[in-house]
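Undergrad:
2 protein chains.
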Amino acid sequence: MDVKTVCLGVLTLGDASGYEIRKLFEDGPFQYFTDAGFGSIYPALNKLHGEGLVTCEQQTQSGRPDKKVYSITPQGRASFAEAIRATPGPDKFRSDFLLSLFFEHFLPHDLIVGAVDERIAWYRAKLEHMRCCDRSGWGTGPVFVNEFGQAVYSAALAFLEENRSKLIETGNGSTDHQAAE
Amino acid sequence: MDVKTVCLGVLTLGDASGYEIRKLFEDGPFQYFTDAGFGSIYPALNKLHGEGLVTCEQQTQSGRPDKKVYSITPQGRASFAEAIRATPGPDKFRSDFLLSLFFEHFLPHDLIVGAVDERIAWYRAKLEHMRCCDRSGWGTGPVFVNEFGQAVYSAALAFLEENRSKLIETGNGSTDHQAAE
DNA sequence: TATATAATATATCAATCTGATATATAACGA
DNA sequence: TCGTTATATATCAGATTGATATATTATATA
Chain A
1 MDVKTVCLGV
11 LTLGDASGYE
21 IRKLFEDGPF
31 QYFTDAGFGS
41 IYPALNKLHG
51 EGLVTCEQQT
61 QSGRPDKKVY
71 SITPQGRASF
81 AEAIRATPGP
91 DKFRSDFLLS
101 LFFEHFLPHD
111 LIVGAVDERI
121 AWYRAKLEHM
131 RCCDRSGWGT
141 GPVFVNEFGQ
151 AVYSAALAFL
161 EENRSKLIET
171 GNGSTDHQAA
181 E
Chain B
1 MDVKTVCLGV
11 LTLGDASGYE
21 IRKLFEDGPF
31 QYFTDAGFGS
41 IYPALNKLHG
51 EGLVTCEQQT
61 QSGRPDKKVY
71 SITPQGRASF
81 AEAIRATPGP
91 DKFRSDFLLS
101 LFFEHFLPHD
111 LIVGAVDERI
121 AWYRAKLEHM
131 RCCDRSGWGT
141 GPVFVNEFGQ
151 AVYSAALAFL
161 EENRSKLIET
171 GNGSTDHQAA
181 E
């Protein structure tokens, strides 16, 4: 799903600036299954504006820099409704952490331990964030997606907690000396 | 982790052509946590060759096109060992399927049902593929990573199977008529 | 026999995206 | 006053994606 389409989706929920859209991807309910940075959001909003799928209003704020608030047009809504009907591609789990563990014999023991424990803490924090938010008033879709995310992240966390010892037993991992040669 | 580094990692396991590396990302043990296409693998191998991190030997084959077989050099091995020590970034789960379910009210009911059932079948097939391979002879890292993947994919599958009904109850999703307007 | 399809194999490229950097306003605490 | 943080937009080099082109050979189909 390209960034233009995802931005249109966010704008179906209400008007927003590029900065606000970015925050939804970073901290909000979208963070567990999609992503986009400023470098793709701002150009996407400009293109959508050029295509008449959104309108833009410059807003002066007190105590903050001005912002450009975008609103979806009826054409934008129709375009989104059509785009979202396409058969979605496969789900993807991507992890440099797992890649490095695959090559665990290249890593010094203490680095493996540190990486696993850091990742356990990271998954705990993410899960807490997913669970803490007030879901009353959420629709069927957002609740389903949030709970799907919880299920997947819980499984990852549980696996790390339960199998941590298998990876960090003495004998796994290389010493600094070996890794350097 | 950039494609150059991942290619180096694969080559630490043995010599391979670009085509073979691609197959490992598509069907092999790497498919559950990393990815790269021909469009990035071939340029990456050329750059690695230019940097002296791999050597290349053209191999004539009978019954098949010629291939370029790459081997990692000691410098390549050292470069990989160093690159893999960097603290890995966050794990990412990316899903256009979940994105479309988030906006479930834009989708006709039959399309939601079809998408969910298709995804259930897809996760079942992936899991079967992960479980069927012979893991005897695998090292600690590959086994750990494979089992992590199984845990995560199983959780996703179980969630879909258990919560399918919540999403496809009558009343969820729009009719074709509403979605088109 | 001819033809289509699929698998093997490499290469290239436009469009897109990432991640970093630049610029600016203003709040807040030290 | 100074540094840090948050808000806000913009740009861009470099990397990646996804599609397309090209070629060889095996296998199935008509």
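Protein chains in written order, with the numbering used here: chain A, 1 to 181; chain B, 1 to 181. Heads up, the beta-carbon is just placed ideally off N, CA and C, and yes, glycines get one too. As the structure is a computational prediction, the values presented were derived from the model and not from experiment.
Please compile the residues from chain B whose C-beta is within a distance smaller than 7 angstroms of the C-beta of L98/A.
TA: Going along chain B in sequence order, the residues near L98/A (Cβ under 7 angstroms) are F33, V145 and F148.
Undergrad: Could you spell out where the beta strand (DSSP E) holding E57/A opens and where it closes?
TA: Segment V54 to Q59, the beta strand (DSSP E) holding E57/A.
Undergrad: Would you call the segment 86-98 of chain A and the segment 89-98 of chain B touching, i.e. three or more CB-CB distances under 8 angstroms?
TA: Yes, the segment 86-98 of chain A is in contact with the segment 89-98 of chain B.
Undergrad: Buried or exposed for R121/A, please, with buried defined as at least 16 other CB atoms from any protein chain shown within 10 angstroms of its CB.
TA: Residue 121/A is actually Ala in this sequence, not Arg. Counting Cβ neighbours within 10 Å, A121/A comes out exposed, since fewer than 16 surround it.
Undergrad: Drop a sphere of 10 angstroms on the beta-carbon of Q31/B, count the other beta-carbons inside from all chains shown, and report buried for 16 or more, exposed for fewer.
TA: Flag for Q31/B reads buried.
Undergrad: Specify, as a first and last residue, the run of the alpha helix (DSSP H) that I183/A falls within.
TA: Residue 183/A is absent from the model: chain A starts at 1 and stops at 181.
Undergrad: Please list, in chain order, the residues of the segment 67-85 of chain A that have any C-beta partner in chain B closer than 8 angstroms.
TA: Correct list: A78, F80, A81, I84 and R85.
Undergrad: Under a CB-based cut-off of 8 angstroms, is E104/B close to chain A?
TA: Yes, E104/B counts as interfacial toward chain A.
Undergrad: Just the Cα atoms here: how many angstroms apart are N46/A and Q59/A?
TA: Near 16 angstroms, if we compare the C-alpha coordinates of Q59/A and N46/A.
Undergrad: Assuming contact is defined by CB atoms lying nearer than 8 angstroms, are L160/B and L127/B in contact in what I supplied?
TA: For L160/B and L127/B, no; Cβs fall outside 8 angstroms.
Undergrad: Check each candidate in G28/B, K67/B and P142/B and name the one with the smallest Cα separation from Y19/B.
TA: Ranking the options by Cα distance to Y19/B, first place goes to K67/B.
Undergrad: Can you give the beta carbon distance from V152/A to V152/B, rounded, assuming they're within the 8 angstroms contact cut?
TA: Yes, they are in contact, since the Cβ atoms of V152/A and V152/B sit about 6 angstroms apart, within 8 angstroms.
Undergrad: Measure the Cβ-Cβ separation of D35/B and Y70/B and say whether it is below 8 angstroms.
TA: Going by C-beta atoms, D35/B is not nearer than 8 angstroms to Y70/B.
Undergrad: What separation, rounded to the nearest whole angstrom, lies between the Cα atoms of H109/A and V116/A?
TA: Distance between the alpha carbons of H109/A and V116/A: 11 angstroms.
Undergrad: Is the Cβ of A125/B closer than 8 angstroms to any Cβ of chain A?
TA: Output row for A125/B: interface = no.
Undergrad: For the alpha helix (DSSP H) containing S154/A, list its first residue and its last residue.
TA: Segment T140 to I168, the alpha helix (DSSP H) holding S154/A.
Undergrad: Are there 16 or more other CB atoms within 10 angstroms of the CB of G39/B, so buried, or fewer, so exposed?
TA: It counts as exposed.
Undergrad: I need the boundaries of the beta strand (DSSP E) containing T106/A, first residue and last residue.
TA: Position check: residue 106/A holds Phe in this sequence, whereas Thr was assumed. Segment: none, F106/A is in no beta strand (DSSP E) and carries neither H nor E.
Undergrad: Counting only C-beta atoms, is P88/B closer than 8 angstroms to chain A at any point?
TA: Answer yes: the Cβ-Cβ gap between P88/B and chain A drops below 8 angstroms somewhere.
Undergrad: Under 8 angstroms between C-beta atoms, does A155/A make it to chain B?
TA: Answer yes: the Cβ-Cβ gap between A155/A and chain B drops below 8 angstroms somewhere.
Undergrad: By DSSP, does I21/A sit in helix, in strand, or in coil?
TA: Helix, per DSSP.
Undergrad: Please classify A125/B: is it buried, with 16 or more other beta-carbons within 10 angstroms of its beta-carbon, or exposed?
TA: By the neighbour-count rule (16 or more Cβ atoms within 10 Å), A125/B is not buried but exposed.
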